[in-house]
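Some notes on the structure that comes next.
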Amino acid sequence: MQKLQKLLLTLILTSLASIALAESCATGRLESLSGQVQLHRRGQVSQPTPGASLCQGDRLVTAAASLAQLSLRDGTRITVGKDSDFTIHHYQINRKKQNIALFELAKGAFRSITGAITQRPHRFEVRTATATIGVRGTDFWGGYGLTENSLDVLMLDGRGVYVKNDYGQVILDQPGLGTTVPDGAAPTPAKAWGEAKKQQAFATVTP
Numbered sequence: 000m001q002k003l004q005k006l007l008l009t010l011i012l013t014s015l016a017s018i019a020l021a022e023s024c025a026t027g028r029l030e031s032l033s034g035q036v037q038l039h040r041r042g043q044v045s046q047p048t049p050g051a052s053l054c055q056g057d058r059l060v061t062a063a064a065s066l067a068q069l070s071l072r073d074g075t076r077i078t079v080g081k082d083s084d085f086t087i088h089h090y091q092i093n094r095k096k097q098n099i100a101l102f103e104l105a106k107g108a109f110r111s112i113t114g115a116i117t118q119r120p121h122r123f124e125v126r127t128a129t130a131t132i133g134v135r136g137t138d139f140w141g142g143y144g145l146t147e148n149s150l151d152v153l154m155l156d157g158r159g160v161y162v163k164n165d166y167g168q169v170i171l172d173q174p175g176l177g178t179t180v181p182d183g184a185a186p187t188p189a190k191a192w193g194e195a196k197k198q199q200a201f202a203t204v205t206p
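In numbering that gives the first Met the number 0, the protein residues as written are 0 to 206.
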């Protein structure tokens, strides 16, 4: 009897673990890629192919002149730019609770067009070493490399973006507004970017 109980308990725990794993890997999929892209997952590194499932905890690392385009379950689309390091830390769609999407940009750049996740109460943030970018529902770009030792953020369309760190916060509430966040300083006041700087940003996430 004890052996049977242990067997049943093992089967139940295994089933629960499988369900949890399946849910964590229902985040989205790799829509397309160009160049060299590495997928880091649970200590393993692979070369993903278009259509591959994305899990919570996945880290995508692109080489120079390489891009990865992600499609998440709610319709959010994220382009991981050239020579970039981007992690999906947490992704939760819940009708009864707050929707949550937490990402990290360790280097490089990205562009995101949010989907249904921001149509309900939500927390959609991209963390960097310099500042946290929070989204209300929008098309926006963020990345390093345009300004020395600084993070740049540009709002392209939608309801707004906030950029904050321990030194201050700024809100980008109109298309074309951007901010620069120097290392160890508050985000600069929102201001319209010139066409040349916009094109520099776009070049990091386009072939």
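For every residue, glycine included, the Cβ atom is placed at its ideal position computed from N, Cα and C.
- Fewer than three beta-carbon pairs drawn from the region 106 to 122 and the region 170 to 184 are found closer than 8 Å, and the two stretches are therefore not classed as touching.
- The alpha-carbon of D84 is positioned some 24 Å away from that of T187.
- L145 and S31 have their C-alpha atoms some 25 Å from each other.
- DSSP, read as helix, strand or coil, puts Q91 in strand.
- Taking the Cα positions, A130 is about 7 Å away from V162.
- In the displayed model, Q198 falls within a helix according to three-state DSSP.
- In the three-state reduction of the DSSP assignment, T117 falls in the helix class, which pools H, G and I.
- One thing to note: D138 has its Cβ no nearer than 8 Å to the Cβ of G107.
- Where D151 is concerned, the enclosing beta strand (DSSP E) starts and stops at 149 to 157.
- Inclusion of V44 and L59 in the CB contact set at 8 Å is not warranted, their separation being larger than that value.
- Beta-bridge analysis with DSSP links A67 to L32, V79.
- Listed in chain order, the non-local C-beta contacts of A25 below 7 Å within the same chain comprise R72, local neighbours out to five positions each way being set aside.
- In this structure, the alpha-carbon of G142 lies about 26 Å from that of G42.
- Straight through space, the alpha carbons of N93 and G56 are spaced by roughly 19 Å.
- Under the 10 Å beta carbon count, T48 is surrounded by fewer than 16 other beta carbons and is classified as exposed.
- In the three-state reduction of the DSSP assignment, K106 falls in the strand class.
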